[in-house]
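Student:
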Amino acid sequence: MKNLVILNPASRNGKALELKEKLEEILVSAGLDYVLHISKSAEDIREIISKNIDVFDNFISCGGDGTVHNIANCLAGTGKNLGCIPLGSGNDIARNLGIPLEIDKAAAIINDGNTRKLDMGMINGKYYYLAVSGAGFDSAVTDLANNTRLPLKGTSKYTYAVYRTLITFRSKKFFIKFDGQEKTANAMFVVVGNMSSYGGGMKIVPEADPEDGIFDVCIINRMSKMYFVKVFPSVFEGKHTSDPFVDYFKASEVEIDSEYNFSVFADGEYICKLPAKFEMAKKAISFIAPKK
Numbered sequence: 037m038k039n040l041v042i043l044n045p046a047s048r049n050g051k052a053l054e055l056k057e058k059l060e061e062i063l064v065s066a067g068l069d070y071v072l073h074i075s076k077s078a079e080d081i082r083e084i085i086s087k088n089i090d091v092f093d094n095f096i097s098c099g100g101d102g103t104v105h106n107i108a109n110c111l112a113g114t115g116k117n118l119g120c121i122p123l124g125s126g127n128d129i130a131r132n133l134g135i136p137l138e139i140d141k142a143a144a145i146i147n148d149g150n151t152r153k154l155d156m157g158m159i160n161g162k163y164y165y166l167a168v169s170g171a172g173f174d175s176a177v178t179d180l181a182n183n184t185r186l187p188l189k190g191t192s193k194y195t196y197a198v199y200r201t202l203i204t205f206r207s208k209k210f211f212i213k214f215d216g217q218e219k220t221a222n223a224m225f226v227v228v229g230n231m232s233s234y235g236g237g238m239k240i241v242p243e244a245d246p247e248d249g250i251f252d253v254c255i256i257n258r259m260s261k262m263y264f265v266k267v268f269p270s271v272f273e274g275k276h277t278s279d280p281f282v283d284y285f286k287a288s289e290v291e292i293d294s295e296y297n298f299s300v301f302a303d304g305e306y307i308c309k310l311p312a313k314f315e316m317a318k319k320a321i322s323f324i325a326p327k328k
């Protein structure tokens, strides 16, 4: 199997490129037939994959969730395989699929070659995502986490962003349609998940499964800041869903709008502004991952 390995040098706060030599040593040791490409941008990723879609069998992301996201958007529906060597901060897609965070162990998974057909969420008929999409407080958190200059990684970076954003954030009215039903909520944020976690291990939709053909939706309704601080730690174990200020349900199609012009993020990447329509693209991508 021929592998196009795409390394995002901006991952790990710009330190991923320092791992290039180690990465190549491991790829050679694993016996992988590969070509390494160092990406310059999301557009560069789209261009290199478009030119080589018929040349390679596997396209391997070496970066964070954003890199996986950008490659997945190029491969959805093509039948080509997506692999992941996680080099990012959160690495939630790898976590959700049981892919080890160590480079050598992740490379061994690729060498094993087991693939799983995964569902993908589709936003406004054109933007695919693998893990979690949200709008409101959590999108403001993601934006801050993506742009902070503090030397923080993974969960600590997102936790900092949560508490920093909480200082000034105000809940807004959301309008949600799902499977023929309608709901208005004065909420902090709304999440539409295909995988269980984001933000470096926050299990915001703990029952989400990328192979069950349905979304898990979580609405965090308005609550006091002190109450939020009390409840927030429970999200790491997915125990927040029983809280009276939380609505949790499953749906095959979701539409979200708000009185405020919130950004929509998915897999940690900016997608669009509200309103947004979410549809399920069943078995849209072949992902190299351990057996479930």
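Mapping to the working numbering: the sequence shown position 212 is 248, numbers consecutive.
The beta-carbon is built from N, C-alpha and C at its ideal position, and this holds for glycine as well.
Compare the C-alpha of F205 against each of A223, S192, D215 and Y194 and name the closest.
Tutor: Nearest of A223, S192, D215 and Y194 to F205, Cα basis: A223.
Student: Touch check for the stretch 269-280 and the stretch 92-106: three-plus C-beta pairs under 8 Å?
Tutor: With the cut-off at 8 Å, the stretch 269-280 and the stretch 92-106 do not touch.
Student: I'd like the span of the beta strand (DSSP E) that includes M262, first residue to last.
Tutor: First-last for M262: K261 to V267, but that is the alpha helix (DSSP H), not the beta strand (DSSP E).
Student: Counting C-beta neighbours from all protein chains within 10 Å, is the total for N94 16 or more, i.e. buried, or is it exposed?
Tutor: N94 is buried by the Cβ-count criterion.
Student: Tell me which residues share the same chain as M231 and place their Cβ nearer than 6 Å to its Cβ, disregarding the 5 neighbours each side in the sequence.
Tutor: Within the same chain, M231 has close Cβ partners N132, A167, A244 and P246.
Student: Using C-beta distances below 7 Å, list every residue in its chain close to I321, excluding the 5 sequence neighbours before and after it, in chain order.
Tutor: Within the same chain, I321 has close Cβ partners A108, L111, A112, L118, L154 and M156.
Student: Of the choices G235, S260 and I256, whose alpha-carbon is the least far from that of F285?
Tutor: Here the closest residue by C-alpha is I256.
Student: Residue range of the beta strand (DSSP E) that E291 falls in?
Tutor: Note, E291: beta strand (DSSP E), E289 to S294.
Student: How would you call P326, buried or exposed, if buried means at least 16 neighbouring beta carbons within 10 angstroms?
Tutor: P326 comes out exposed.
Student: Would you say E291 and P311 are within 8 Å of each other, going by their C-beta atoms?
Tutor: Yes, they are a contact pair.
Student: On a Cα-Cα basis, can you pick out the residue from V253, A46, V64 and S288 that is closest to K76?
Tutor: The option with the nearest alpha carbon to K76 is A46.
Student: Quick one: what does DSSP say D93 is sitting in, helix, strand or coil?
Tutor: Three-state DSSP puts D93 in coil, outside helix and strand.
Student: Go ahead and label T195 buried or exposed: buried means 16 or more other beta carbons lie within 10 angstroms of its beta carbon, across all protein chains shown.
Tutor: Buried, by the Cβ-count rule.
Student: Give the list of continuous alpha helix (DSSP H) stretches no shorter than 4 residues that lie fully inside the stretch 47-91.
Tutor: With a minimum length of 4 residues, the continuous alpha helix (DSSP H) runs that stay inside the stretch 47-91 are 47-50, 56-65 and 78-88.
Student: Shortest alpha-carbon distance to F268 belongs to which of F173, A142, I74 and E315?
Tutor: With distances taken between Cα atoms, F268 lies closest to F173.
Student: Write down the C-beta distance between G99 and G304 rounded to the nearest angstrom, noting that I regard them as a contact closer than 8 Å.
Tutor: Not confirmed; about 11 Å, so no contact.
Student: Among K266, K189 and K116, which one has its Cα closest to the Cα of G237?
Tutor: Measuring from the Cα of G237, the nearest candidate turns out to be K189.
Student: Rounded to whole angstroms, what's the CA-CA distance from V198 to E315? Just pull it up for me.
Tutor: If I take the Cα positions, the gap works out to 28 Å.
Student: List in chain order: all unbroken beta strand (DSSP E) runs of 3+ residues lying wholly within the stretch 191-236.
Tutor: Segments of the beta strand (DSSP E) lying fully in the stretch 191-236: 208-214 and 217-229.
Student: In the DSSP assignment, find the unbroken beta strand (DSSP E) run with F251 in it and report its ends.
Tutor: First-last of the beta strand (DSSP E) with F251: F251 to N257.
Student: Ignore the nearest five residues each way along the sequence and tell me which others in C308's own chain have a CB closer than 6 Å to its CB.
Tutor: If we look at C308 and ignore the five residues flanking it on each side, its Cβ neighbours are V300.
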